[in-house]
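Undergrad: Protein chains in written order, with our numbering: chain A, 47 to 436; chain B, 47 to 436.
Right, here's the structure in full:
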């Protein structure tokens with residue numbers, strides 16, 4: 047078991063009536079608010095009007111940046127940073143899913159730099175300790191950005207999608223009303239659910255000797271929640287309990303509670319970021335294609351017990367099976383969850399992706415180094431896993 | 047499912063080498079430190095010397111208050127508040143278990159009042175939003191005070207033991223090294239373990255319609271951890287995994303993560319506080335006597351499913367049983383855990399307690415009102431449960 051630090055000062059307001067506290071949280075931080083959002087969904091469902099009214103009626107000044115992309119670009123973050131500088135913005139308010147919140151974090155970080163450019167921070171791996179405060183109004187259960195210290199920013203000129211981290215990027219407050227996810231398209235609900243699942247899977251059982259039972263048990267609870275409630279949300283999009291369990295699972299997956307000294311390397315996430323960087327696909331879908339192949343690839347006598355435990359605890363695989371058989375059934379159950387229950391297409395070729403960029407993706411993903419995890423992977427291993435996904 | 051707010055800004059440093067960050071955390075808050083502790087255990091195990099050296103070697107000024115009682119008195123907190131005022135203390139550093147941390151919170155709250163008296167805050171039910179900062183170095187896994195917003199303070203003149211709460215009472219930082227619990231006596235380990243278990247049990251399945259699966263699942267994970275690892279720690283006091291799982295379970299049980307909109311009324315805790323106030327017994331032991339009788343008393347057709355789920359998930363009771371049979375087996379399993387596995391005596395008479403003060407305890411505990419929970423309890427119900435414990 048490894049030593050760890052847990053610290054998450056985000057104040058989360060969760061539930062049907064949570065938004066009424068938005069003005070109080072914003073006013074703690076200032077009066078000039080930059081509202082950041084993506085497409086028009088928040089205009090269609092009324093959330094945009096509600097937020098604008100709350101801001102204006104409480105004596106704050108409102109500025110706007112719309113059009114944040116599903117894989118948010120550094121150029122969009124920089125545009126926001128320029129508005130912050132020009133208008134003297136006090137707080138960046140993200141209203142949307144993970145992409146909008148990530149972009150807002152990029153804006154907040156760039157806005158306090160001299161050149162108002164987020165990319166040097168991203169590409170330089172700078173740990174951000176100074177940024178404008180970010181407040182998040184969450185409309186999708188997926189990335190965990192509403193409670194974590196990370197943003198993922200894409201540079202489409204260089205085909206790079208990289209995480210930007212820093213204590214200053216944890217939102218000061220987050221608002222989570224499960225009803226805001228009622229109108230999400232089926233595909234977004236499915237992709238979001240797998241993103242949550244994979245945040246935990248990427249971090250599962252890596253705690254050295256795996257004796258930190260409480261941590262494993264809580265990780266399994268979050269994965270079980272996704273397996274149980276995602277299908278309910280897909281069939282009955284206005285089921286409050288389903289949406290609420292998924293939304294809180296999203297926050298739990300990355301708020302640090304499930305980290306506890308694990309070696310958080312996120313191999314599936316790193317591999318998927320390359321796919322999104324080259325092909326601009328939806329993150330959760332890419333993960334669903336990669337994760338079962340990754341488990342299949344790393345399965346051996348040493349990893350079988352961990353993979354089998356996952357199946358027993360999360361998918362209800364028979365605990366009496368030997369660990370190799372149980373592990374194989376776990377991978378089948380995961381594939382069934384991804385490709386039948388969530389209804390996601392199972393191969394990269396279904397998304398029009400071939401092996402053209404594989405060498406570049408392997409090179410970016412590993413930087414020539416091995417990737418630690420349940421089993422350490424060489425760049426050659428990573429290439430083989432990509433090819434299993436084609 | 048109810049709306050909720052989650053906010054816990056405590057920065058927890060966990061593990062064998064965590065204490066090296068103590069000077070950094072203290073120096074963020076000031077240079078004059080009041081070190082608060084109980085008896086001599088931290089002198090015997092070397093922790094006292096280590097803490098004092100870290101403080102002095104890093105240019106801070108050290109003041110001391112020792113002799114905090116197991117059920118900390120308001121008079122001791124007031125003594126500490128006077129030192130704070132006189133010496134201009136910047137930060138109150140608790141080194142000990144829950145009693146020491148609770149007393150330190152009382153000191154921190156009283157120190158910023160005009161009359162330097164914590165009791166008006168306690169008895170007046172004041173929500174404390176202003177206090178000196180508290181830092182906790184935890185040496186027992188039990189009360190959760192290292193990560194929560196509460197302190198329990200006793201007034202032995204009036205036989206009152208009451209919770210003092212407030213956002214300002216959450217420690218700014220906590221240090222948890224499981225090795226510090228290696229030298230705990232068997233009895234303290236057992237009582238602490240049940241305190242953790244009961245914090246979750248008191249809050250279990252009260253989420254209205256009980257559809258917040260993720261919350262229930264995480265609550266069960268913490269209770270399972272206690273059931274699995276407490277016996278290991280009792281048999282093998284220097285087992286790091288056992289001590290670490292219990293220590294983190296202590297923090298998880300009350301840091302807000304398991305609250306999520308539950309109706310946190312804590313009936314067993316309220317009943318036990320009366321016992322400690324009148325008889326100065328160890329809190330966790332009182333809880334272990336009360337909790338199984340409480341479940342037995344409230345068992346009926348409506349509560350059986352919740353109690354049965356507890357048994358299935360936490361004690362491995364057969365899920366195929368009907369809920370009434372399963373619930374009865376759950377109560378048996380809980381009694382077995384308390385009185386055999388933990389080895390705690392099962393009746394109040396074993397602790398020299400008779401029915402002399404029952405009327406007063408009922409009156410204090412309920413204040414003439416009903417107590418909500420899995421099943422609402424009248425003062426008459428509370429009296430009957432006390433009598434079952436004799």
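A virtual CB, placed ideally from N, CA and C, is assigned to each residue, including glycine.
Give the C-beta separation of residue 116 of chain A and residue 145 of chain A to the nearest angstrom, bearing in mind that I take them to be a contact with Cβ-Cβ under 8 angstroms.
TA: So it is a contact: roughly 5 angstroms between Cβ atoms.
Undergrad: Go through the region 336-362 of chain B residue by residue and report every complete run of the alpha helix (DSSP H) that reaches 4 residues or more, in order.
TA: The region 336-362 of chain B contains these whole alpha helix (DSSP H) runs: 350-361.
Undergrad: Determine whether the beta carbon atoms of residue 139 of chain B and residue 167 of chain B lie at a separation below 8 angstroms.
TA: Taking 8 angstroms as the Cβ cut-off, residue 139 of chain B and residue 167 of chain B do not qualify as a contacting pair.
Undergrad: Specify, as a first and last residue, the run of the beta strand (DSSP E) that residue 406 of chain B falls within.
TA: Careful: residue 406 of chain B lies outside any beta strand (DSSP E), inside the alpha helix (DSSP H) at 404-412.
Undergrad: Compute the beta-carbon to beta-carbon distance between residue 427 of chain A and residue 343 of chain A, rounded to the nearest angstrom, for a pair I have assumed lies under 8 angstroms.
TA: Their Cβ separation, rounded to whole angstroms, is 7 angstroms, which keeps residue 427 of chain A and residue 343 of chain A in contact under 8 angstroms.
Undergrad: On a Cα-Cα basis, can you pick out the residue from A/436, A/301, A/410, A/434 that is closest to residue 425 of chain A?
TA: When each option's Cα is compared against that of residue 425 of chain A, the closest is A/410.
Undergrad: Among all the DSSP beta bridges, which residues are the ones paired with residue 138 of chain A?
TA: Residue 138 of chain A pairs with A/80, A/180.
Undergrad: Identify the contact partners of residue 58 of chain A in chain B, using a Cβ-Cβ distance below 9 angstroms as the criterion.
TA: Within chain B, the residues near residue 58 of chain A are 50, 51, 52, 53.
Undergrad: What in chain A is Cβ-close to residue 339 of chain B, meaning under 7 angstroms?
TA: Result: empty, since nearest Cβ-Cβ is about 28 angstroms, beyond 7 angstroms.
Undergrad: Closest Cβ-Cβ distance between residue 345 of chain B and chain A: below 8 angstroms?
TA: No, residue 345 of chain B lies away from the interface with chain A (no Cβ there is under 8 angstroms from its Cβ).
Undergrad: Can you name the start and end residues of the beta strand (DSSP E) that residue 51 of chain B belongs to?
TA: Unbroken beta strand (DSSP E) run through residue 51 of chain B: 50-60.
Undergrad: Report the partner residues of residue 200 of chain B according to the DSSP bridge assignment.
TA: Beta-bridge pairing links residue 200 of chain B to B/119, B/207.
Undergrad: Please decide whether residue 287 of chain A counts as near chain B, where near means a Cβ-Cβ distance under 8 angstroms.
TA: Yes, because at least one Cβ of chain B sits closer than 8 angstroms to the Cβ of residue 287 of chain A.
Undergrad: Please classify residue 232 of chain A: is it buried, with 16 or more other beta-carbons within 10 angstroms of its beta-carbon, or exposed?
TA: So residue 232 of chain A ends up on the exposed side.
Undergrad: Given that residue 226 of chain A touches chain B, what residues does it touch there, using C-beta distances under 7 angstroms?
TA: Result: empty, since nearest Cβ-Cβ is about 14 angstroms, beyond 7 angstroms.
Undergrad: Mind reading off the beta-carbon distance from residue 218 of chain A to residue 56 of chain A? Whole number of angstroms is fine, and I expect it under 8 angstroms.
TA: Confirmed, Cβ separation roughly 7 angstroms.
Undergrad: Suppose you measure from the CA of residue 359 of chain B to the CA of residue 372 of chain B; what does that come to, to the nearest Å?
TA: Near 11 angstroms, if we compare the C-alpha coordinates of residue 372 of chain B and residue 359 of chain B.
Undergrad: Can you find the residues in the same chain that come closer than 7 angstroms, C-beta to C-beta, to residue 165 of chain A, ignoring five residues on each side of it along the sequence?
TA: Contacts found: 120, 201.
Undergrad: Spatial neighbours of residue 348 of chain A within its chain, please: CB distance less than 8 angstroms, with the 5 preceding and 5 following residues excluded, ordered by chain position.
TA: Answer for residue 348 of chain A: 421, listed in chain order.
Undergrad: Let's test the definition: count the other Cβ atoms within 10 Å of the Cβ of residue 417 of chain B and tell me whether it reaches 16, buried, or not, exposed.
TA: Buried.
Undergrad: Specify whether the region 359-370 of chain B and the region 309-323 of chain B touch according to this definition: at least 3 beta carbon pairs, one from each stretch, less than 8 angstroms apart.
TA: Flag = no, the region 359-370 of chain B and the region 309-323 of chain B do not touch.
Undergrad: Distance, Cα to Cα, residue 329 of chain A vs residue 237 of chain A?
TA: If you take the alpha carbons of residue 329 of chain A and residue 237 of chain A, they lie about 7 angstroms apart.
Undergrad: Please tell me whether residue 276 of chain B and residue 388 of chain B are closer than 8 angstroms, where the distance is taken between their beta carbons.
TA: A contact, by the Cβ cut-off of 8 angstroms.
Undergrad: I think residue 220 of chain A touches residue 184 of chain A, with their Cβ atoms under 8 angstroms apart; what is that distance to the nearest whole Å?
TA: Confirmed, Cβ separation roughly 6 angstroms.
Undergrad: Taking C-alpha atoms, which residue in A/83, A/109, A/47, A/65 lies nearest to residue 16 of chain A?
TA: The requested residue 16 of chain A is not part of the displayed model; chain A covers only 47 to 436.
Undergrad: Any beta-carbon of chain A closer than 8 angstroms to the one on residue 253 of chain B?
TA: Because the pLDDT of residue 253 of chain B is 48, which lies under 50, any placement of that residue in the model is unreliable, and the question is left without a value.
Undergrad: Against chain A, does residue 274 of chain B count as a neighbour if the rule is that its beta carbon must be under 8 angstroms from one of theirs?
TA: Yes, because at least one Cβ of chain A sits closer than 8 angstroms to the Cβ of residue 274 of chain B.
Undergrad: Just the Cα atoms here: how many angstroms apart are residue 196 of chain A and residue 414 of chain B?
TA: The straight-line gap from Cα to Cα measures roughly 51 angstroms.
Undergrad: Closer than 8 angstroms between beta carbons: that is the criterion. Which residues of the region 151-184 of chain A meet it against chain B?
TA: From the region 151-184 of chain A, no residue has a Cβ closer than 8 angstroms to chain B.
Undergrad: Would you say residue 62 of chain B lies against chain A (beta-carbon separation less than 8 angstroms)?
TA: Closer than 8 angstroms to some Cβ of chain A, the Cβ of residue 62 of chain B qualifies, so yes.
Undergrad: Pull up the DSSP beta-bridge partners for residue 417 of chain A, would you.
TA: Beta-bridge pairing links residue 417 of chain A to A/423.
Undergrad: So, under 8 angstroms CB-CB, residue 126 of chain A and residue 149 of chain A are touching, yes? Tell me the CB distance rounded to an integer number of Å.
TA: With a Cβ gap of about 7 angstroms, residue 126 of chain A and residue 149 of chain A count as contacting.
Undergrad: Return the residue from the list A/152, A/353, A/337 that minimises the CA-CA distance to residue 435 of chain A.
TA: When only C-alpha atoms are compared, the closest one is A/337.
Undergrad: Mind pulling the chain A residues with CB within less than 8 angstroms of residue 271 of chain B?
TA: In chain order: 259, 260, 263.
Undergrad: Nearest chain B C-beta to residue 70 of chain A closer than 8 angstroms, yes or no?
TA: No, residue 70 of chain A lies away from the interface with chain B (no Cβ there is under 8 angstroms from its Cβ).
Undergrad: Skipping 5 residues on each side, what residues in its chain have a beta carbon closer than 6 angstroms to that of residue 384 of chain A?
TA: Closer than 6 angstroms at the Cβ level, and outside the excluded window around residue 384 of chain A, lie 334, 390.
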